[in-house]
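The C-terminal position of the sequence shown is numbered 494 in the working numbering, with every residue numbered one higher than the one before it.
C-beta atoms are modelled at their ideal positions from N, C-alpha and C, and glycine is treated no differently.
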Amino acid sequence: MFVVTGVEAAPGLSREELWAGLVLKAADPVPFVPAISECRILERRPDGFDREVVVRGERLKESVRFYPLETVRFERLSGRARGTIENRIEEDPAGALALRFTFRLEVEGLRSSSPEEVAYAEGMRDSYLAAVKPPIAE
357 MFVVTGVEAA PGLSREELWA GLVLKAADPV PFVPAISECR ILERRPDGFD
407 REVVVRGERL KESVRFYPLE TVRFERLSGR ARGTIENRIE EDPAGALALR
457 FTFRLEVEGL RSSSPEEVAY AEGMRDSYLA AVKPPIAE
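Pasting the structure below:
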């Protein structure tokens, strides 16, 4: 299992604006996440939805749960990399907002802490950094 985390500042955005961007990206990630080529909502719930996405050619299912104005949590239910991804809005003591993303994934067939797992984790981080910037800019 690997854990990747990163923080992206969100200058000039309100919590509500940042939240709206995260909700939009969860429901329709294709314009924001270069690694995702398809997304289909399977079932909606009051606190989120289940979706099917195609990530780098692999079709997988995720459960998306909203913790309003704070966190969007994605749980990978199928696919080679399973676990959770969280997008969390954070605020420092001065009131500045930032978006923290955290991956906690285990990749089938990769030994923990192996060079292959490290390379996979770095690729996920780079891909996610590219995906985080557009909702902040919206």
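Beta-bridge partners of residue i, as assigned by DSSP
i	result
Lys417	Glu408
Glu372	BP columns for Glu372 are empty, so no partner.
Tyr423	Thr427
Glu364	Leu455
Glu447	Leu453
Arg432	Glu418 and Gly439
Nearest-angstrom Cβ-Cβ length linking residue i and residue j, presumed shorter than 8 Å
i	j	result
Leu369	Leu453	6 Å
Arg456	Glu446	5 Å
Ile392	Val411	5 Å
Arg407	Glu418	6 Å
Selection from the options that minimises the alpha carbon distance to residue i
i	options	result
Leu425	Thr361, Ser469 and Glu372	Glu372
Ala383	Leu374, Phe405 and Glu473	Phe405
Arg438	Ala450, Phe430, Gly451 and Glu462	Glu462
Arg415	Val363, Arg432, Trp375 and Glu399	Arg432
For residue i, the first and last residue of its enclosing beta strand (DSSP E)
i	result
Leu398	Ile392 to Arg401
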